[in-house]
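By the UniProt record's numbering, the letter at position 209 of the sequence shown is numbered 209, and the numbering carries on one by one without gaps.
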Amino acid sequence: MKYIYSLLIVTLLITSCGEGKKQSVEKAIESGNLETMRLKRAEIVAQQQQIASQLKQLDDKIAVLDTTKKVPLITTFKAKHEVFTHYLELQGSVNTKKLLVLYPEYSGILTKVYVKEGQWVNKGQTLAKIDDGGLNQQLAQAEIQTALSKTTFERQERLWNQKIGSEIQYLQAKSNYEAQAKAVNQIKQQLAKTVVRAPFSGTIDDVITDQGSVVGAGQTPLMRIVNLDDMYIETDVPESYITNVTVNKNVKVEFPVLGKSIDAKIRQAGNFINPANRTFKIEVAVPNKDKSIKPNLTAKLKINDYTNENALLIPLSIISENANGEQYIYVVNNKNGNNEGVAERVFIETGKTQGDVIEILSGINDGSEIVNEGARSVKDGQEVKILTLQ
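Structure (structure tokens):
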């Protein structure tokens with residue numbers, strides 16, 4: 001109301017004397033006389049000061065007579081104890097213990113590839129065959145020599161048991177037989193390396209080398225085999241969480257690409273802290289019944305590292321901070337029947353943050369009425385009116 005009165009007074013004054021003032025100012029300018037223009041300016045400044053003084057007198061009187069209180073409008077909420085669950089959010093990558101690129105143990109021509117991409121194979125199943133380079137013939141010859149040396153040894157042993165012949169003949173026959181048997185076993189081991197077998201049950205994800213190619217032992221990748229049953233997520237955790245992030249902790253796992261989330265647990269927590277980045281590794285087991293989760297898939301982890309069953313939570317947006325770094329909020333006291341009260345500044349101690357809320361460790365009690373909307377505009381000791389939201 002006082003602003004409307006002030007505006008009317010200014011309008012009347014300007015209207016009543018504006019036209020004449022305009023002409024006189026123009027005449028003073030047209031005269032080109034510096035002294036005349038200075039006098040005219042001083043006259044206008046004096047009028048301005050007089051109008052300002054009159055406006056102040058009117059405003060002061062209106063403030064005394066106006067009984068309408070100008071109080072800020074706010075909304076509030078009451079603090080109450082509730083369960084607070086804090087999550088450490090990390091990003092990890094899906095891995096599996098059963099993902100392997102197979103390399104040959106024997107050099108030669110890849111004569112046979114018995115599987116194709118996408119085929120399921122069982123542990124020990126033959127996947128490919130490499131030319132043995134004549135090992136089979138060597139084995140046949142060695143077995144014949146072994147059979148002869150065995151017969152010689154058995155006869156010499158019978159004679160030795162009957163105290164016939166010399167000890168040296170017996171020992172030579174025994175040594176010759178054992179040497180031939182070991183030679184046969186060695187050739188068999190070499191021959192077994194020409195057959196590529198599945199180290200575990202899984203799917204042939206990729207056949208890398210084609211049949212007929214020359215392969216080198218330990219150098220030429222043959223195929224990739226993968227099993228999606230034993231999947232896990234590996235990630236690095238800052239060392240500051242080493243006491244809270246432990247085995248069997250609950251983890252919420254989200255796969256943004258798949259649009260799905262699952263509940264899991266930490267199955268392994270590392271005992272070594274990497275000095276380069278001050279982190280330790282954890283593994284989170286991932287169930288994968290529908291086979292939709294693939295190796296190297298990106299995952300978001302939310303690890304439950306802290307829970308307070310009796311916490312007081314408030315929005316982060318209502319917290320202010322003074323020059324000393326002290327945090328405070330406003331509560332409403334002395335509330336009357338008209339939803340009016342007095343705002344009081346209360347210093348608080350905060351704990352962990354989750355989303356847009358924060359845990360209050362001290363400063364407020366259960367049932368305290370806290371200023372929400374309008375928290376940034378009220379002052380300590382100021383009267384406020386609480387709006388009731390529908």
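By construction, the Cβ of each residue, glycine as well, lies at the ideal position given by its N, Cα and C atoms.
If contacts are defined as beta-carbon pairs under 8 angstroms, then residue i and residue j qualify, I think. What distance do you get, rounded to the angstrom?
{"i": "ASP305", "j": "ASN244", "result": "4 angstroms"}
{"i": "VAL378", "j": "TYR328", "result": "VAL378 to TYR328, Cβ: 12 angstroms. No contact."}
{"i": "VAL332", "j": "VAL371", "result": "6 angstroms"}
{"i": "GLN211", "j": "LYS116", "result": "Actually they are not in contact, since the Cβ atoms of GLN211 and LYS116 sit about 11 angstroms apart, beyond 8 angstroms."}
{"i": "GLY341", "j": "VAL384", "result": "6 angstroms"}
{"i": "LYS98", "j": "GLY259", "result": "Their Cβ separation, rounded to whole angstroms, is 26 angstroms, which puts LYS98 and GLY259 out of contact at 8 angstroms."}
{"i": "LYS56", "j": "GLU369", "result": "With a Cβ gap of about 39 angstroms, LYS56 and GLU369 do not count as contacting."}
{"i": "ILE266", "j": "VAL253", "result": "That belief does not hold up - the Cβ atoms of ILE266 and VAL253 are roughly 11 angstroms apart, past 8 angstroms."}
{"i": "ILE282", "j": "VAL237", "result": "6 angstroms"}
Let's test the definition: count the other Cβ atoms within 10 Å of the Cβ of residue i and tell me whether it reaches 16, buried, or not, exposed.
{"i": "PHE272", "result": "exposed"}
{"i": "ALA217", "result": "exposed"}
{"i": "THR126", "result": "exposed"}
{"i": "THR177", "result": "The sequence shown places Tyr at residue 177, not Thr. Buried is the call here."}
{"i": "PRO104", "result": "buried"}
{"i": "GLY381", "result": "exposed"}
{"i": "ASP132", "result": "buried"}
{"i": "TYR106", "result": "buried"}
{"i": "ILE29", "result": "exposed"}
{"i": "CYS17", "result": "Because the pLDDT at CYS17 is just 45, under 50, the model does not fix this residue reliably, and the point stays unresolved."}
{"i": "ILE358", "result": "buried"}
{"i": "ILE164", "result": "exposed"}
{"i": "VAL257", "result": "exposed"}
{"i": "ALA299", "result": "buried"}
{"i": "ALA343", "result": "buried"}
{"i": "LYS22", "result": "Bear in mind that a pLDDT of 48 at LYS22, under 50, signals an unreliable position, so the number given afterwards is only what the model happens to contain. Classification for LYS22: exposed."}
{"i": "GLN156", "result": "buried"}
{"i": "ILE187", "result": "buried"}
{"i": "ALA198", "result": "buried"}
{"i": "LEU387", "result": "exposed"}
{"i": "LEU12", "result": "With a pLDDT of 47 at LEU12, under the threshold of 50, the modelled position of this residue cannot be trusted; read the value that follows with caution. Its Cβ having fewer than 16 others within 10 Å, LEU12 is exposed."}
{"i": "THR194", "result": "buried"}
{"i": "SER149", "result": "buried"}
{"i": "ILE293", "result": "buried"}
{"i": "VAL94", "result": "buried"}
{"i": "ALA52", "result": "exposed"}
{"i": "VAL101", "result": "exposed"}
{"i": "LEU110", "result": "buried"}
{"i": "THR353", "result": "exposed"}
{"i": "ILE44", "result": "exposed"}
{"i": "LEU90", "result": "buried"}
For residue i, which beta-bridge partners are listed by DSSP?
{"i": "LYS265", "result": "ASN250"}
{"i": "LEU312", "result": "HIS81 and ILE360"}
{"i": "ASN271", "result": "According to DSSP, ASN271 bridges with nothing at all."}
{"i": "LYS112", "result": "LYS129"}
{"i": "ASN304", "result": "TYR87"}
{"i": "THR36", "result": "Answer by DSSP bridge pairing: none, since THR36 is not bridged."}
{"i": "LEU73", "result": "LYS385"}
{"i": "VAL121", "result": "GLY202"}
{"i": "LEU299", "result": "The identity of residue 299 in the sequence shown is Ala, whereas the question assumes Leu. The partner list for ALA299 (beta bridge, DSSP) reads GLY92."}
{"i": "GLU260", "result": "Note that residue 260 is Lys in the sequence shown, not Glu. LYS260 pairs with PHE255."}
What span of residues does the beta strand (DSSP E) with residue i cover, start to end?
{"i": "SER93", "result": "81–96"}
{"i": "GLU283", "result": "279–286"}
{"i": "VAL101", "result": "99–102"}
Taking the alpha helix (DSSP H) that residue i falls in, what are its first and last residues?
{"i": "PHE153", "result": "135–161"}
Could you check whether the Cβ of residue i sits closer than 8 angstroms to any Cβ belonging to chain B?
{"i": "ILE164", "result": "Absent here is chain B; the protein component of the structure consists of one chain."}
Please specify which runs of the alpha helix (DSSP H), each continuous and at least 4 residues long, are wholly inside the stretch 166–250, giving them in chain order. If one requires a minimum length of 4 residues, the alpha helix (DSSP H) runs lying completely within the stretch 166–250 are 167–192, in chain order.
Return the chain-ordered ranges of every beta strand (DSSP E) run that is complete within the UniProt domain "YknX-like C-terminal permuted SH3-like" (315–386) and spans a minimum of 3 residues. As far as the UniProt domain "YknX-like C-terminal permuted SH3-like" (315–386) is concerned, its whole beta strand (DSSP E) runs of at least 3 residues are 327–333, 340–347, 349–354, 357–362, 369–371 and 383–386.
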